[in-house]
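K.L.:
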Amino acid sequence: MSFKAINLSESMIKSLNRQKYFEPSQIQLRTIPKALRGETLMVQSSTGSGKTLCFLIPIIDSINLSKQETQAIIIAPTRELAQQIYNFAIPFADEFRRLKIRLLKSGEEIENSMKGLSISPHILIGTPGRLSEVLAQKHSTLLNNVKTIVFDEADMLLSEGYFEEIDKFVLQIKNPQFLVFSATLEANLAHQLEKYVGPNTPIVNEEVMTSSNVTHYMVDIKHIDINNATKQFIDAVNPYLLLIFASKKETANSVYKFLKLNGYKAGLLTGDLSSRERKNVMKQLQNDKIFILVCSDMAARGLDIPNVTEVLNIDLPNNLEFYYHRAGRTGRFDKKGKCFTFYNNDSTRKPLALISNGLSFEYLALKEGELVSGKPIERTHPSKKHIDPELAKEIKRISNQSSTKNKKVKPGYKKKQKQAIEKAKQKHRREIIKKDIRRQRVERYKKEGRNNG
Ligand code: AMP
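With this note's numbering, letter number 180 in the sequence shown gets 180, and the count goes up by one each step, no holes.
#1: On the three-pair Cβ rule with 8 Å, is the stretch 124-132 touching the stretch 162-181?
#2: Straight-line CA distance for Phe3 to Asn307?
#3: In angstroms with no decimal places, state the Cα-to-Cα distance between Leu103 and Asn64.
#4: Out of curiosity, what's the CA-to-CA distance linking Ile27 and Gln84?
#5: Within the same chain, show all residues whose beta-carbon is closer than 6 Å to that of Leu158, passing over the 5 residues directly before and after it, in chain order.
#6: I need the straight-line Cα distance from Ser296 to Asn400, nearest angstrom please.
#7: Can you tell me whether Thr141 is buried or exposed? The criterion is at least 16 other CB atoms within 10 Å of its CB, across all chains shown.
#8: Hey, is the stretch 214-231 in contact with the stretch 247-264, meaning 3+ C-beta pairs nearer than 8 Å?
#9: Indicate whether the contact test is met: 3 or more Cβ pairs, each with one atom in the stretch 90-97 and one in the stretch 4-20, closer than 8 Å.
#10: Tell me whether Phe469, by its Cβ, gets closer than 8 Å to a heavy atom of the ligand AMP.
#11: What's the call for Glu133, buried or exposed, on a 16-neighbour Cβ count within 10 Å?
#12: What residue range is occupied by the uninterrupted alpha helix (DSSP H) comprising Phe233?
#13: Out of Glu390, Gly331, Tyr413, which one is the CA nearest neighbour of Ala424?
#14: How long is the line joining the alpha carbons of Thr251 and Val372, rounded to whole angstroms?
#15: Please state the DSSP three-state secondary structure of Lys367.
#16: Classify Lys20 as buried or exposed, calling it buried when 16 or more other Cβ atoms lie within 10 Å of its own Cβ.
#17: Any idea if Pro473 is buried or exposed, counting beta-carbon neighbours within 10 angstroms, 16 or more meaning buried?
#18: Relative to the alpha-carbon of Tyr196, which residue among Asn175, Glu277, Ser62 has its alpha-carbon at the smallest distance?
#19: Should Phe96 go down as buried or exposed, given a rule of 16 or more other Cβ atoms within 10 Å for buried?
#20: Compute the distance between the beta-carbons of Ala72 and Ile123, then report whether it is under 9 Å.
#21: May I ask you to report which of helix, strand or coil DSSP gives Ala246?
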């Protein structure tokens with residue numbers, strides 16, 4: 001389906017086509033018409049789904065260019081994201097010639113941010129702190145005609161505690177349309193957002209949490225240390241552009257140093273870097289100076305790094321939601337991608353949780369520096385794991401009694417053995433229930449005794 005199926009202006013279609021956007025993505029189809037009608041929306045969509053255009057297209061197409069007024073504010077949690085949205089927005093000025101967009105991001109001199117605002121840019125894009133500094137303190141008149149507010153990566157805005165800053169200016173705007181985008185919309189976040197969007201805003205969902213363009217792999221690294229496993233993996237896969245994720249910045253640092261030491265063209269992206277260093281890394285990536293980027297989850301969140309062919313999780317994040325964010329770095333739009341995850345066979349809890357979540361994996365193993373096909377991760381049956389020692393003893397006794405070592409076994413002994421084991425198990429279960437009843441009774445007596453003085 002082409003963009004023409006959506007009620008967009010001629011200029012917008014022209015501009016989109018000139019930028020080589022011909023067909024809307026799923027989430028664009030489902031959000032843009034509603035946003036154009038002025039509806040407030042909460043959209044659950046992962047990066048790579050085309051969510052930036054979900055808000056830029058309706059905002060730009062609804063701007064009244066004959067009025068030099070600020071009509072939309074887009075809030076993103078990091079400078080890089082704000083910059084990225086700005087870079088996405090600027091090419092629309094080819095058709096919308098009078099369109100003025102201004103980026104206000106932390107890290108630059110505040111005097112610079114304050115400059116040039118007297119013309120009231122149509123769209124402001126920025127980070128919460130800097131927007132609040134500019135709008136709540138000096139330029140609050142810019143808020144008078146704002147019609148649309150975007151919260152991009154809203155879950156991150158919440159987890160980083162940015163809503164306090166945001167409230168300082170957003171609450172001054174009368175009845176704006178809110179466009180909220182978040183990879184996850186958990187109850188806590190939805191509750192927090194009610195203040196802005198009202199209690200009954202429906203959530204526009206993406207069909208699936210991960211792109212179908214991504215193939216997921218579990219790699220058994222057979223207890224090789226992480227640094228060497230990563231090196232062997234890179235040599236075996238020979239990636240074009242690889243993002244490596246680590247849950248802890250210490251691990252990211254260590255892998256990065258090891259790769260550099262071994263002559264790989266790698267960069268590091270963690271929250272500790274100054275904005276200049278981060279910019280530098282992104283530039284190196286763009287100029288093909290590096291082809292491996294070792295990242296922490298927060299640092300890489302939402303960044304659109306085109307052409308990532310492989311993602312490697314050297315460990316899994318505690319919050320498994322991040323797995324989807326990581327995997328979403330590759331297979332963007334219509335490209336194919338691969339997401340690999342290291343594991344050892346004694347640490348399968350998190351991989352199993354992902355499998356229970358409905359993800360399907362292909363299995364590989366590192367063997368003498370090669371990636372060979374591996375065995376699926378098996379779930380150990382919980383009853384085998386937590387069997388009571390007394391019951392285990394009894395089952396062993398029954399098995400020994402009628403084992404094949406005993407030469408004079410009667411016919412049908414296997415069936416009888418099974419029945420005896422089942423009986424022992426039932427007896428054990430009854431014992432547990434009886435014990436529970438006794439415990440509850442004692443507790444009740446104690447409580448009643450207390451109440452009677
Ligand atoms: P996003 O989810 O906004 O970070 O976008 C992911 C990537 O998809 C970006 O590189 C966009 O340029 C690309 N993209 C978004 N929408 C479209 C579209 N309708 N057609 C082709 N590419 C698109």
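All residues carry an ideal CB built from backbone N, CA and C; glycine is no exception. Here the structure is a predicted model, which means the values were calculated and not measured.
P.N.:
This is what the structure holds:
#1: Yes, since at least three Cβ pairs between the stretch 124-132 and the stretch 162-181 fall closer than 8 Å, the two stretches touch.
#2: Computed Cα separation, rounded: 24 Å.
#3: Between Leu103 and Asn64, the alpha-carbon positions lie close to 19 Å from each other.
#4: Going from the Cα of Ile27 to the Cα of Gln84 covers about 19 Å.
#5: The residues are Leu189, Gln192.
#6: If you take the alpha carbons of Ser296 and Asn400, they lie about 55 Å apart.
#7: With fewer than 16 other Cβ atoms within 10 Å, it is exposed.
#8: In the pairwise beta carbon analysis, the stretch 214-231 is classified as touching the stretch 247-264: at least three pairs are separated by under 8 Å.
#9: With three or more CB-CB distances shorter than 8 Å, the stretch 90-97 counts as touching the stretch 4-20.
#10: Because the chain in this structure spans residues 1 to 453, residue 469 falls outside the shown range and cannot be described.
#11: It counts as buried.
#12: Here the alpha helix (DSSP H) through Phe233 covers 226-237.
#13: Taking the Cα of Ala424 as reference, the smallest distance to any Cα among Glu390, Gly331, Tyr413 is reached at Glu390.
#14: Between Thr251 and Val372, the C-alpha separation is close to 25 Å.
#15: For Lys367, the secondary structure class from DSSP, reduced to helix, strand or coil, is strand.
#16: Within a 10 Å sphere around the beta-carbon of Lys20 sit fewer than 16 other beta-carbons, which makes this residue exposed.
#17: Outside the shown range of the chain, which is 1 to 453, sits residue 473, and nothing can be said about it.
#18: Nearest of Asn175, Glu277, Ser62 to Tyr196, Cα basis: Asn175.
#19: Classification of Phe96: buried, given that the 10 Å Cβ count is 16 or more.
#20: Yes; because the gap between Cβ atoms is below 9 Å, this pair is in contact.
#21: Annotated three-state conformation of Ala246 is strand, per DSSP.
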